[in-house]
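Participant: I have a structure I would like to understand better, so I am pasting it below and will then ask my questions one at a time.
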Amino acid sequence: MARATELIGLPVVTFAGEDIAEIKDVVYEPAHGGLVGFTLNKRGFFRGRLKFVLTMDALHSVGRDAVMVETDAALADTSDASDAIAGASGERNVIGAAVITDGGKQLGTVTDVVVSLGPGAEAVGYELGGSPITEARGGRPLYIPLPEQLAVSGEALMVPGEVEAFVHDDLSGFGAAVADFRAQLHRESGTPPAPDPAPAAAAPDRSEMSRPELIEEARRRNLEGYETMTRAELLAALS
Amino acid sequence: MSTFRNTAAIPVMSKDSAEKVGQIKHFVVDAATRTISSAQVDGGKRHGVMVSWSDIAAVGDDAVIVESDAVLRDAADEREESAARGELTMLDKRVLDDRGDEMGTVDDVVFDPATGEIESINVGPEIIEGERLLGVGSYAVVVRAAVTD
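In structure tokens:
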């Protein structure tokens, strides 16, 4: 998991080990809830905008330290790229949009898009701030999983009320929340489950977390000897 | 087995003159075959000359042996020129896996002295098998990510 803004400045590296560009901006399409690709800058001291873009289907993986492509053929000339990325502009910008549930509750405004990392990188959630809920938390942002379907306008994103039950405090364990939330949306049910009364305080489900994610949580909680624990040991120690 | 650091620390000797012709400074690795294709020899009469790995007769504990200094040549292509400038040196270079996560920097590279084949890349405590090598570039050494459970 990473915030989309954390990807800005990452090098684009080929399998041959050359850094051929760096991420200028993340192009996101809120109507489809997905990442479209990246606009690019040149690498090095005299950086400037590169007229090439990188679309999600052309890249190999989005990592914590680099965006990997097999060869420099992955870069597409702006004029050949899809309109979605070539015309990336403010109107598609989701940052600053208010997030309102279909029950009429404003959860906050979008401050960032949360992206899952790896070969199947995709947008999985939003970071929210600027609402009574986040102010009550001392201004700390909260995270909501990205619904697969949502209405979007220039000013607001409409999300299902169920999303409230999956509000998350931080990015650790957020992957599991996303999976749970999607599973719930897929469950065809006439009776949507009652939202958890205190969602932010609920114990996170760690069953789907990877060992690195568990280690990260253990580190934050100052657990002793976490570095050498197996995933199972970490799960036991954290719960 | 030999390593890049050990091999760079010993002299390159000519078999026919018994003279030192220099010392290996940079290795040029062909990622497609995962073997050393050539090396740059420095500190001899001529600076920054290349030797094809196939012209190296032996890599011993104490010396690298070539038949004669006639095997020393100029950089043959762009990649060798780049290597001669040190841009493709694996040692101390950052290692990225194909997920885009940095693993550390190369501490040493273990190779088979008979074939020049890369056996493993040592990154801190981690031993990356040579088969996982994808590329050696000016920015990074790229390896296939370990298969996680």
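Protein chains in written order, with this note's numbering: chain A, 52 to 290; chain B, 12 to 160. The beta carbon of each residue, even a glycine, is placed where N, CA and C say it ideally should be. Owing to the predicted nature of the structure, the values given are computational and were not obtained by experimental measurement.
1) Which residues of the region 210-228 of chain A have a Cβ closer than 9 Å to any Cβ of chain B? Give them in chain order.
2) If you count every other CB in all the chains shown that lies within 10 Å of the CB of A/S140, and 16 or more means buried, which is it?
3) If you drop the 5 nearest sequence neighbours on each side, which residues of the same chain put their C-beta closer than 8 Å to that of A/A72?
4) Extract the residue ranges of the beta strand (DSSP E) inside the region 174-219 of chain A, only unbroken runs of 3 or more that lie entirely within it.
5) For chain A, is any of its Cβ atoms less than 8 Å away from the one on B/V62?
6) For B/H37, which residues does DSSP report across the bridge?
7) Looking at the C-beta of A/P258, does it have a partner C-beta in chain B at a distance below 8 Å?
8) Return the bridge partner residues of B/E128 from the DSSP annotation.
9) Starting from A/T162, trace the alpha helix (DSSP H) in both directions and tell me its first and last residue.
10) Any Cβ of chain B within less than 8 Å of the Cβ of A/A53?
11) Considering just the uninterrupted stretch of the beta strand (DSSP E) at A/L286, what are its terminal residues?
12) If we cut at 8 Å on Cβ distances, does A/P196 have a partner in chain B?
13) Under 8 Å Cβ to Cβ from A/F225, same chain only, skipping five residues before and after it: list those, please.
14) Does any residue of chain A have a CB that is nearer than 8 Å to the CB of B/D41?
15) With C-beta atoms as the reference, is A/D116 less than 8 Å away from B/D112?
16) Could you list which residues in chain A have their beta carbon closer than 9 Å to that of B/S149, in chain order?
17) Can you give me the Cβ contacts of B/E161 inside the same chain, cut-off strictly under 7 Å, excluding the 5 residues immediately before and after it?
18) Kindly indicate if chain A contains any beta-carbon less than 8 Å away from that of B/V153.
19) Among the residues of its own chain, which have a CB less than 8 Å from the CB of B/E30, if the five just before and after it don't count?
20) Would you say B/L107 reaches chain A, if we count a Cβ-Cβ gap shorter than 8 Å as a contact?
21) So with CB distances below 9 Å, who are the chain A contacts of B/E113?
22) Report all residues from its chain with a CB closer than 8 Å to the CB of B/R45; omit the five preceding and five following residues, and keep chain order.
23) Could you tell me whether any Cβ in chain B is nearer than 8 Å to the Cβ of A/V64?
24) Flag B/L102 as yes if its beta-carbon sits less than 8 Å from any beta-carbon of chain A, otherwise no.
25) What three-state label does DSSP hand B/L145 in the structure shown?
26) What number of angstroms, rounded off, separates the C-alpha of B/T14 from the C-alpha of A/G159?
27) Just the Cα atoms here: how many angstroms apart are B/V147 and A/T152?
28) Please report how far the alpha carbon of B/I121 lies from the alpha carbon of B/A19, in whole angstroms.
29) Pick helix, strand or coil for A/R115, following the three-state DSSP scheme.
30) So, is A/R191 buried or exposed, given that buried needs 16 or more other C-beta atoms within 10 angstroms?
31) Using 8 Å as the limit for Cβ to Cβ distance, is B/G135 near chain A?
32) Rounded to the nearest angstrom, what separates B/V152 and B/G97 at their Cα positions?
33) Ignore the nearest five residues each way along the sequence and tell me which others in B/D123's own chain have a CB closer than 7 Å to its CB.
34) Would you mind sorting A/S204 into buried or exposed? The rule is 16 or more other CB atoms within 10 Å of its CB.
Facilitator: Working from what's here:
1) Correct list: empty, as no residue qualifies.
2) As a first step, residue 140 of chain A is located in the first sequence; it is residue number 89 there, counting from the start. Low local confidence applies: a pLDDT of 47 at A/S140 is under 50, so the model's placement there is unreliable, with the coordinate-based value given in what follows. Exposed: under 16 other Cβ atoms inside 10 Å.
3) For this step, residue 72 of chain A is matched to residue 21 along the first sequence. So the list reads P62, V63, L91, N92, K93, R94, L101, F103, L105, L126, once near-sequence residues are dropped.
4) Those beta strand (DSSP E) runs which fall completely within the region 174-219 of chain A and span 3+ residues are 193-196, 207-210.
5) Position 51 of the second sequence, counted from the first residue, corresponds to residue 62 of chain B. Nearest CB-CB separation between B/V62 and chain A: not below the 8 Å threshold.
6) Within the second sequence, the letter at position 26 stands for residue 37 of chain B. Looking at the DSSP output, B/H37 sits in a beta bridge with B/Q51.
7) Locating residue 258 of chain A in the first sequence gives position 207, counting from the first residue. Checking the displayed sequence, the identity of residue 258 of chain A turns out to be Ser instead of Pro. Not one chain B Cβ lies under 8 Å of A/S258.
8) To locate residue 128 of chain B, count along the second sequence from 1; it is residue 117. B/T46, per the DSSP bridge assignment.
9) For the purposes of this step, residue 162 of chain A is identified with residue 111 of the first sequence, where counting begins at 1. Run containing A/T162: none in the alpha helix (DSSP H); it sits in the beta strand (DSSP E), 157-167.
10) Position 2 of the first sequence, counting from 1, holds the residue named residue 53 of chain A. No, A/A53 lies away from the interface with chain B (no Cβ there is under 8 Å from its Cβ).
11) Within the first sequence, the letter at position 235 stands for residue 286 of chain A. Per DSSP, A/L286 lies in no beta strand (DSSP E) segment; the continuous alpha helix (DSSP H) that holds it begins and ends at 282-289.
12) Against the first sequence, residue 196 of chain A aligns to sequence position 145. By this cut-off, A/P196 is not an interface position.
13) As a first step, residue 225 of chain A is located in the first sequence; it is residue number 174 there, counting from the start. Excluding the 5 residues flanking it on each side, A/F225 has same chain C-beta neighbours closer than 8 Å at M52, V165, V175, G176, Y194, P196, H219, in chain order.
14) Counted from its first residue, the second sequence places residue 41 of chain B at position 30. False, the Cβ-Cβ gap to chain A never drops below 8 Å.
15) Numbered from 1 along the first sequence, position 65 holds the residue referred to as residue 116 of chain A. Numbered from 1 along the second sequence, position 101 holds the residue referred to as residue 112 of chain B. At a Cβ-Cβ threshold of 8 Å, A/D116 and B/D112 count as neighbours.
16) Position 138 of the second sequence, counted from the first residue, corresponds to residue 149 of chain B. The answer, in chain order, is G68, E69, D70.
17) Outside the displayed span of chain B (12 to 160) sits residue 161 of chain B, for which this structure offers no information.
18) Taking the first residue of the second sequence as position 1, residue 153 of chain B is located at position 142. Chain A, which has a Cβ nearer than 8 Å to the Cβ of B/V153, makes this yes.
19) Along the second sequence, read from residue 1 onward, the residue named residue 30 of chain B stands at position 19. Counting only Cβ-Cβ distances below 8 Å, and skipping sequence neighbours, we find M24, D80.
20) Here residue 107 of chain B refers to the residue found at position 96 when the second sequence is read from its first residue. For B/L107, the answer is yes, since a Cβ of chain A falls inside 8 Å of its Cβ.
21) Mapped onto the second sequence, residue 113 of chain B falls at position 102. What B/E113 touches in chain A: G114, R115, D116, A117.
22) Position 34 of the second sequence, counting from 1, holds the residue named residue 45 of chain B. Same-chain partners within the cutoff: E128, I129, G141, E142, L144.
23) For the purposes of this step, residue 64 of chain A is taken as residue 13 along the first sequence, with counting starting at 1. Closer than 8 Å to some Cβ of chain B, the Cβ of A/V64 qualifies, so yes.
24) Within the second sequence, residue 102 of chain B is the residue found at index 91, counting from 1. For B/L102, the closest Cβ of chain A is not nearer than 8 Å.
25) The count along the second sequence starts at 1 and reaches residue 145 of chain B at position 134. In this structure, B/L145 counts as strand in the three-state DSSP scheme.
26) By one-based count along the second sequence, residue 14 of chain B stands at place 3. By one-based count along the first sequence, residue 159 of chain A stands at place 108. So the two alpha carbons sit approximately 57 Å from each other.
27) One-based indexing of the second sequence puts residue 147 of chain B at position 136. One-based indexing of the first sequence puts residue 152 of chain A at position 101. Roughly 50 Å separates the two Cα atoms.
28) Taking the first residue of the second sequence as position 1, residue 121 of chain B is located at position 110. Taking the first residue of the second sequence as position 1, residue 19 of chain B is located at position 8. The sequence as given places Val at residue 121 of chain B; Ile does not occur at that position. In a straight line, the C-alpha of B/V121 is about 12 Å away from that of B/A19.
29) What you label residue 115 of chain A is simply residue 64 of the first sequence in a count that begins at 1. Coil, per DSSP.
30) On the first sequence, position 140 is the one that residue 191 of chain A refers to. Label assigned to A/R191: exposed.
31) Reading the second sequence from its first residue, position 124 is the one you call residue 135 of chain B. No, its Cβ sits nowhere closer than 8 Å to a Cβ of chain A.
32) Counted from its first residue, the second sequence places residue 152 of chain B at position 141. Counted from its first residue, the second sequence places residue 97 of chain B at position 86. If I take the Cα positions, the gap works out to 14 Å.
33) Your numbering for residue 123 of chain B matches position 112 in the second sequence. Cβ within range, chain order: M12, E130.
34) Within the first sequence, residue 204 of chain A is the residue found at index 153, counting from 1. Looking at its Cβ environment, which holds fewer than 16 other Cβ atoms inside 10 Å, A/S204 is exposed.
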